[in-house]
Amino acid sequence: MMKRNLTTHHSATLSAMERQEEDEDRVKLFGFWSSPYVYKVEWALRIKGIQYDYIEENLENKSDQLLEYNPVHKKVPVLIYQGKPIAESEVILEFIDEAWKHHGDRILPEDPYDRAMARFWVRFGKDTLSPPIWKWFTTQGQEQEAAYAAAVEQLQILEKELDGKRFFAGEKMGLVDLSLGPFSYIIPIYEEITGVKLIKEEKLPSLLAWMDNFLNSSIVREHLPPMDKLKLRCQAIREAFLKNTN
Amino acid sequence: MAEEIKKGLVLLDFWVSPFGQRCRIALAEKGLPYEYSEQELLGTKSELLLRSNPIHKKIPVLIHDGRPVNESLVILNYLEEAFPDAPPLLPADPYARAQARFWAAYSDKVYEVGSRLWKTKGEAQSQARAEMLQVLGNLDGELGEKPFFAGEKFGFVDLALVPFMPWLTPSFERYGGFSVAEVAPRLAAWADRCMERESVAKTLYPGEKVDEFITLLKKKYGIE
């Protein structure tokens, strides 16, 4: 009877430990429904076939957990791996590719020079392309016109880099595609709201085709933000910015 | 006539650039020979620079067997991966690597926020000061009681951050009215510790020289 108690106690303890370990081992993602950065991470996890628990944050009332996991930036996405947090989508994407190296497709190329090029284009998207697109969407008049011209200039650079390829990474999508991917649905929304076409077929045919390839890929089309809700949100953002500058 | 591809490593750089210094320190730590090519940034940019970095026209640019790699952190990662037999600066574990990449990228903020300290006045400058104190506090906290950011060994985050220290002291400190030794004492001690390494000591210029350079820039851009 002693033995049975011990065994029972032992296995109960083990179960609790196992359960805790299993819980800690579950990949978690803190996100927000409209954040493009969160979607990049989710598409990457899908490429690798990784199951994860998703926690929706209220960005106007951030959870204690989020603030504890990302005290420096207090932002989403934050990936939790074995109970430990990783922040910043660029860092998370590289981590996913390394931690699950042998699962699914590679997100970054193998060759060191190609990897450097991929990282360069990710930075380009973030530092050089995003600002004028954002400026174009949140301003009007001359300021908007200047931003539009700057955005087109950067898009032309991307067009040249894409050069008719199906994806930036080639036949299958990779880091640069994931990183620039949200533009494929955000730009059309911005175009609809502002009434101005940013990506014209005559000028940027490869990019236009890429946007289509990206949105229709099996990974992406299964997981996109709710477009009507997103459009309303973008509209409200533009209105708020225009009001502030008046 | 086809241009002969130059074998080996060439670094297009500018003497006081902390971003270039990151690359110089990494190359030294890895024992990789390279040709240093000082670029004219305040005057006319060289054809080689314009050809190697046509999009941004900035240094540093690492040219390896004729192929250019731009952006200091991209260059650091490239050196890790293209020369696997050289001493690594990143840890092996994916999680630890992610942490290193996070903090190396974060260290850019020291320069970004610091530049606003000498470029702006009034409200904008106060904001920059407040942000700088936060950044230094975060870095000091992340370092903690460890000798280096990854622990016992000098590595990726250390070399990404240390080139900004001569910009902090005395320049950013003076423009912002703070002292690194006071707001981030562990970081201050860490900076001294890094200077004991030959690669760092031989690459960084003293704070006074950086201060002179900032004064020169202010004059050039007509900033009071």
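Top line first, the protein sequences correspond to chains A and B.
Going by the UniProt record's numbering, the first sequence opens with residue 1, and the numbers climb by one from there.
Going by the UniProt record's numbering, the second sequence opens with residue 1, and the numbers climb by one from there.
Glycine residues also receive a C-beta, built at the ideal position from the N, C-alpha and C atoms.
#1: Would you check if the segment 80-90 of chain A and the segment 16-25 of chain B touch, i.e. whether three or more CB-CB distances between them fall below 8 Å?
#2: Does the CB of residue 106/A have a neighbour CB from chain B at under 9 Å?
#3: With a threshold of 9 Å between beta-carbons, can residue 156/B be considered close to chain A, or not?
#4: Thinking residue 56/A and residue 95/A are a contact (beta carbons under 8 Å), I'd like their distance in whole angstroms, please.
#5: Once you ignore the five residues that flank residue 78/A on each side, which residues in its own chain have a CB closer than 6 Å to its CB?
#6: Using a Cβ-Cβ cut-off of 7 Å (strictly less than) and excluding sequence neighbours within five positions of residue 26/B, which residues of its own chain qualify?
#7: Going by beta carbon distance, what residues of the same chain come within less than 7 Å of residue 118/A, once the five residues before and after it are set aside?
#8: Answer yes if the segment 39-59 of chain A comes into contact with the segment 108-115 of chain B, meaning at least three C-beta pairs across the two stretches below 8 Å, and no otherwise.
#9: With residue 137/B and residue 148/B assumed to form a contact (beta carbons below 8 Å), what rounded beta-carbon distance in angstroms separates them?
#10: Relative to the alpha-carbon of residue 38/A, which residue among 116/A, 225/A, 198/A and 204/A has its alpha-carbon at the smallest distance?
#11: What number of angstroms, rounded off, separates the C-alpha of residue 181/A from the C-alpha of residue 209/B?
#12: Where do the ends of the alpha helix (DSSP H) carrying residue 131/A lie?
#13: Which of the three DSSP states is assigned to residue 89/A in this structure?
#14: Determine the direct distance from the alpha carbon of residue 134/A to that of residue 210/A, and round the result to whole angstroms.
#15: Could you tell me the alpha carbon to alpha carbon distance between residue 117/B and residue 172/B, rounded to whole angstroms?
#16: So with CB distances below 8 Å, who are the chain B contacts of residue 84/A?
#17: With 16 other CB atoms within 10 Å as the buried threshold, where does residue 10/A fall?
#18: Could you pull out every unbroken alpha helix (DSSP H) segment of at least 4 residues lying fully inside the segment 199-223 of chain B, listed in chain order?
#19: Does residue 39/B get closer than 9 Å to chain A when you measure Cβ to Cβ?
#20: Can you tell which of 130/A, 131/A and 157/A has the C-alpha that lies nearest to the C-alpha of residue 53/B?
#21: Does the distance from the CB of residue 165/A to the CB of residue 206/A come in under 9 Å?
#22: Just reading off the alpha helix (DSSP H) that residue 68/B is part of, what are its end residues?
#23: Helix, strand or coil for residue 16/B, going by three-state DSSP, please let me know.
#24: Can you find the residues in the same chain that come closer than 6 Å, C-beta to C-beta, to residue 225/B, ignoring five residues on each side of it along the sequence?
#25: Are there three or more Cβ pairs, one per stretch, closer than 8 Å when the segment 218-238 of chain A is compared with the segment 182-191 of chain A?
#26: Could you pull the DSSP bridge partners for residue 37/B from this structure?
#27: Thinking C-beta only, is residue 165/B closer than 9 Å to residue 180/B?
#28: Considering only DSSP beta bridges, list what residue 64/B is partnered with.
#29: Closer than 7 Å between beta carbons: that is the criterion. Which residues of the segment 106-122 of chain A meet it against chain B?
#30: In three-state DSSP terms, what is residue 28/A?
#31: If you follow the alpha helix (DSSP H) that residue 193/A is part of, which residue opens it and which one closes it?
#32: Can you list the residues of chain A that residue 198/B reaches, using a CB-CB cut of under 7 Å?
#33: State the Cα-Cα distance for the pair residue 7/B and residue 50/B, rounded to the nearest angstrom.
#34: Applying the 10 Å Cβ sphere with the 16-neighbour rule, what's the burial state of residue 55/B?
#35: Less than 9 Å separating the beta-carbons of residue 98/A and residue 122/A?
This is what the structure holds:
#1: no
#2: Along the first sequence, one-based indexing puts residue 106/A at 106. Cβ-Cβ to chain B under 9 Å: no for residue 106/A.
#3: Taking the second sequence and counting its residues from 1, the one referred to as residue 156/B is at position 156. Taking Cβ atoms only, chain A never reaches closer than 9 Å to residue 156/B, which makes this a no.
#4: Residue numbering aside, residue 56/A sits at position 56 when the first sequence is read from its first letter. Residue numbering aside, residue 95/A sits at position 95 when the first sequence is read from its first letter. 22 Å between Cβ atoms; not a contact.
#5: Here residue 78/A corresponds to residue number 78 of the first sequence, with the count starting at 1. If we look at residue 78/A and ignore the five residues flanking it on each side, its Cβ neighbours are 30, 69, 70, 85 and 87.
#6: In the second sequence, counting from the first residue as 1, residue 26/B sits at position 26. Within the same chain, and ignoring the five residues on either side of residue 26/B in sequence, the residues whose Cβ sits closer than 7 Å to its Cβ are 76, 79, 89 and 159.
#7: Mapped onto the first sequence, residue 118/A falls at position 118. Hits under 7 Å: 108, 109, 174, 175 and 176.
#8: no
#9: What you label residue 137/B is simply residue 137 of the second sequence in a count that begins at 1. What you label residue 148/B is simply residue 148 of the second sequence in a count that begins at 1. Wrong, their Cβ atoms sit about 19 Å apart, outside the cutoff.
#10: For the purposes of this step, residue 38/A is taken as the residue at position 38 of the first sequence. Checked all of 116/A, 225/A, 198/A and 204/A; the closest Cα to residue 38/A is 225/A.
#11: Counting from one through the first sequence, the residue named residue 181/A turns up at place 181. Counting from one through the second sequence, the residue named residue 209/B turns up at place 209. If you take the alpha carbons of residue 181/A and residue 209/B, they lie about 44 Å apart.
#12: Taking the first sequence and counting its residues from 1, the one referred to as residue 131/A is at position 131. Per DSSP, residue 131/A belongs to the alpha helix (DSSP H) from 130-138.
#13: For this step, residue 89/A is matched to residue 89 along the first sequence. If DSSP states are grouped into helix, strand and coil, residue 89/A belongs with the helices.
#14: Position 210 of the first sequence, counting from 1, holds the residue named residue 210/A. Position 134 of the first sequence, counting from 1, holds the residue named residue 134/A. In a straight line, the C-alpha of residue 210/A is about 21 Å away from that of residue 134/A.
#15: For this step, residue 117/B is matched to residue 117 along the second sequence. For this step, residue 172/B is matched to residue 172 along the second sequence. Cα to Cα, residue 117/B sits roughly 7 Å from residue 172/B.
#16: Translated into positions along the first sequence, residue 84/A becomes position 84. Here the neighbours are 95.
#17: Within the first sequence, the letter at position 10 stands for residue 10/A. Here the model assigns residue 10/A a pLDDT of 47, short of 50, so the residue's position is not dependable, and the following value carries that caveat. Classification of residue 10/A: exposed, given that the 10 Å Cβ count is below 16.
#18: 207-220
#19: Against the second sequence, residue 39/B aligns to sequence position 39. Not closer than 9 Å to any Cβ of chain A, the Cβ of residue 39/B fails to qualify, so no.
#20: Locating residue 53/B in the second sequence gives position 53, where the first residue counts as 1. When each option's Cα is compared against that of residue 53/B, the closest is 157/A.
#21: By one-based count along the first sequence, residue 165/A stands at place 165. By one-based count along the first sequence, residue 206/A stands at place 206. Yes, Cβ-Cβ distance for residue 165/A and residue 206/A is below 9 Å.
#22: The count along the second sequence starts at 1 and reaches residue 68/B at position 68. That residue, residue 68/B, is in no alpha helix (DSSP H); its beta strand (DSSP E) goes 67-70.
#23: The residue you call residue 16/B lines up with position 16 of the second sequence. Residue 16/B: coil per DSSP, three-state reduction.
#24: Residue numbering for chain B in the displayed model covers 1 to 224; residue 225/B lies beyond these limits and cannot be assessed.
#25: yes
#26: Position 37 of the second sequence holds residue 37/B. In DSSP, residue 37/B forms a bridge with 12/B.
#27: Translated into the one-based positions of the second sequence, residue 180/B becomes position 180. Translated into the one-based positions of the second sequence, residue 165/B becomes position 165. Yes. Within cutoff.
#28: If you number the second sequence from 1, residue 64/B lands on position 64. Answer by DSSP bridge pairing, in chain order: 9/B and 67/B.
#29: The segment 106-122 of chain A vs chain B, Cβ under 7 Å: 112, 113, 115, 116, 119 and 120.
#30: Start at 1 with the first residue of the first sequence, and residue 28/A comes out as number 28. Looking at residue 28/A - three-state DSSP - the assignment turns out to be strand.
#31: Counted from its first residue, the first sequence places residue 193/A at position 193. Note, residue 193/A: alpha helix (DSSP H), 183-194.
#32: Along the second sequence, one-based indexing puts residue 198/B at 198. From the beta-carbon of residue 198/B, no residue of chain A is found nearer than 7 Å; the closest lies around 26 Å away.
#33: Residue numbering aside, residue 7/B sits at position 7 when the second sequence is read from its first letter. Residue numbering aside, residue 50/B sits at position 50 when the second sequence is read from its first letter. Their Cα atoms are separated by approximately 20 Å.
#34: Indexing the second sequence from 1 puts residue 55/B at position 55. Label assigned to residue 55/B: exposed.
#35: Here residue 98/A refers to the residue found at position 98 of the first sequence. Here residue 122/A refers to the residue found at position 122 of the first sequence. Going by C-beta atoms, residue 98/A is not nearer than 9 Å to residue 122/A.
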